[in-house]
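**Student:** Using our numbering, the first residue of the sequence shown is number 154, and each one after it goes up by one. Idealized CB from N, CA, C, for every residue including glycine. None of these values were measured; they are calculated from a predicted model. Sharing a structure below in structure tokens format, with a few things to ask.
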Amino acid sequence: MDSNHISPTIKTGNEQLFDNSKQLGFSLFDFWRWSVSDILSNATRGRFAEFIVATATGIDMTAVRDEWGAYDL
């Protein structure tokens with residue numbers, strides 16, 4: 154077992170961004186708005202489609218999406 158492995162957790166978007174101990178005045182939600190608001194982009198569109206299928210089929214939405222999983226859903 155790799156003791157250096159970091160397990161991802163579901164985020165709320167309210168997490169604040171810091172530079173060392175100085176709060177930057179931006180949140181994770183601000184980053185999300187900036188980085189994935191264009192749901193027509195090729196990469197985002199695929200993840201958005203996965204989200205639609207996952208919610209429609211009742212897949213557990215409390216787990217973090219596995220980017221490198223053997224299959225998408």
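When you compare the stretch 178-187 with the stretch 199-206, are there three or more beta-carbon pairs, one atom per stretch, that lie closer than 8 angstroms?
**Tutor:** no
**Student:** Taking residue 170 as part of the beta strand (DSSP E), name the residues at either end of that continuous run.
**Tutor:** 169-172
**Student:** What are the uninterrupted segments assigned as alpha helix (DSSP H) that are 4 or more residues long and contained completely in the stretch 179-222, given in chain order?
**Tutor:** 181-189, 195-210
**Student:** In the DSSP assignment, what are the bridge partners of residue 175?
**Tutor:** 172
**Student:** Would you report the Cα separation of residue 218 and residue 194, rounded to the nearest angstrom?
**Tutor:** 19 angstroms
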